[in-house]
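Asker: Every letter in the sequence shown is one number past the one before it in my numbering, and letter 99, counting from 1, is 100.
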Amino acid sequence: LYLVFLLLDFDKISESWTQMIPPNLRGPVHGFALDFQSAMSSYFRGQALVASLVGIMAAIGFALVGLPLGVLLGLFVGLLNMVPYLQLVALLPAAMLALIHSLETGADLLVVFAMTGAVFVVVQIIQDGFLVPKILGKTTGLKPWVILLSLSIWGKLLGIFGLLIALPATFLALAYYRRFVLETGEEGAEK
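#1: Taking the continuous alpha helix (DSSP H) assigned at residue 134, which residues delimit it?
#2: Does residue 155 pass the burial test, meaning 16 or more other C-beta atoms within 10 Å, or should it be called exposed?
#3: Have a look at 59, 97, 66 and flag the residue whose alpha-carbon is nearest the alpha-carbon of residue 82.
#4: So, does the segment 117–128 touch the segment 155–172, judging by three or more C-beta pairs under 8 angstroms?
#5: Flag this pair as touching only if the segment 94–110 and the segment 68–75 have three or more C-beta atom pairs under 8 angstroms; answer yes or no.
#6: Can you have a look at residue 171 and say buried or exposed, based on whether 16 or more other CB atoms are within 10 angstroms of its CB?
#7: Decide if the segment 33–52 is in contact with the segment 130–139; the criterion is three or more beta carbon pairs, one per stretch, under 8 angstroms apart.
#8: Evaluate residue 161 with the Cβ neighbour count: other Cβ atoms within 10 Å of its Cβ, from every protein chain shown; 16 or more gives buried, anything less gives exposed.
#9: On the criterion of 16 or more Cβ atoms from any shown chain inside 10 Å, does residue 167 qualify as buried, or is it exposed?
#10: Alpha carbon to alpha carbon, how far is residue 173 from residue 19?
#11: Would you mind stating whether residue 74 and residue 63 have Cβ atoms separated by less than 9 angstroms?
#12: Mind checking whether residue 56 and residue 76 have CB atoms under 9 angstroms apart?
#13: Check each candidate in 163, 175, 176 and name the one with the smallest Cα separation from residue 87.
#14: Determine whether the Cβ of residue 54 lies closer than 9 angstroms to any Cβ atom of chain B.
#15: Please name the residue in 142, 119, 93 whose C-alpha comes closest to that of residue 61.
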C-alpha cells in the first residue's frame, strides 16, 4: 500500500527530494544522483545494443546449424542477454531443439549438440571480448579494461549476483568518488 502511494506521488517526490537533504550537502548529493542516473541510462542503452547484436548473431548461428525455430531461439537469447549472463537459461531450449533437429534429420545427436554449443561459445567470446568492452566502454565512458576488471572483481566477490550488479555498482562507486571524494578534497585544499 505504501508503494502505491509512493508511485502516485513520484513526480512530486522526484522534484522535491533535495529539500530533505541538509543545505550544505544538497549540491554534491544532487550531482551524485545526476551522475549515477546518467551513467545508468548510458549503461542500459549500451546493454540494449549489445543484447540486440548478440540476438542477431545467435539467430544467424542457430539458423546455420539448422535448428528448428533457430531464429526465434537466437532472438530469445538476445532478449535474455539484457541481464548479463542470463542467456545461459537458453541452453535447455537449445538442447531440446537440437534433439528435435537430430531426430527429424537423422543427424548424429552429438554433432548437432556440438554445433549448437559452438554457437553459444562463439557468440559469448565475441560478446565478452569485443562487444561489451567496446560498446559499453564507449556509451558509459569507461575504458574496456575497467569494465573487465569490474566484472572480474564483482564476480569473484559475489558470484553470479556480482556479475549482475558489477557495472551499476561501479557507476555508483565512481559517482560517489567524483562527487564526494574529489570535490571534498578540492574544497579542503582551497581552505
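Just so it is clear, CB atoms sit at the ideal spot from N, CA and C, and this is done for glycine as well.
Since the structure is predicted, the reported quantities are computational estimates derived from the model, not experimental observations.
Answerer: Put simply:
#1: Along the sequence shown, read from residue 1 onward, the residue named residue 134 stands at position 133. Under the DSSP assignment, residue 134 falls outside any alpha helix (DSSP H); it carries neither an H nor an E label.
#2: Taking the sequence shown and counting its residues from 1, the one referred to as residue 155 is at position 154. Within a 10 Å sphere around the beta-carbon of residue 155 sit 16 or more other beta-carbons, which makes this residue buried.
#3: The sequence position of residue 82 within the sequence shown is 81, counting from 1. Nearest option by C-alpha distance: 59.
#4: Judged by Cβ distances under 8 angstroms, the segment 117–128 makes no contact with the segment 155–172, as fewer than three pairs qualify.
#5: Touching, yes.
#6: Position 170 of the sequence shown, counted from the first residue, corresponds to residue 171. Buried, since its Cβ has 16 or more Cβ neighbours within 10 Å.
#7: Short answer: they touch.
#8: For the purposes of this step, residue 161 is taken as the residue at position 160 of the sequence shown. Its Cβ having fewer than 16 others within 10 Å, residue 161 is exposed.
#9: Position 166 of the sequence shown, counted from the first residue, corresponds to residue 167. Residue 167 counts as buried, since at least 16 other C-beta atoms from the protein chains shown sit within 10 angstroms of its C-beta.
#10: To locate residue 173, count along the sequence shown from 1; it is residue 172. To locate residue 19, count along the sequence shown from 1; it is residue 18. Cα to Cα, residue 173 sits roughly 18 angstroms from residue 19.
#11: Reading the sequence shown from its first residue, position 73 is the one you call residue 74. Reading the sequence shown from its first residue, position 62 is the one you call residue 63. Their beta carbons are under 9 angstroms apart, which means residue 74 touches residue 63 by this criterion.
#12: Mapped onto the sequence shown, residue 56 falls at position 55. Mapped onto the sequence shown, residue 76 falls at position 75. Cβ atoms of residue 56 and residue 76: closer than 9 angstroms.
#13: One-based indexing of the sequence shown puts residue 87 at position 86. Closest by alpha carbon: 163.
#14: In the structure shown, chain B cannot be found, because there is only a single protein chain.
#15: For this step, residue 61 is matched to residue 60 along the sequence shown. Distance check between residue 61 and each of 142, 119, 93 places 119 closest, using alpha-carbon atoms only.
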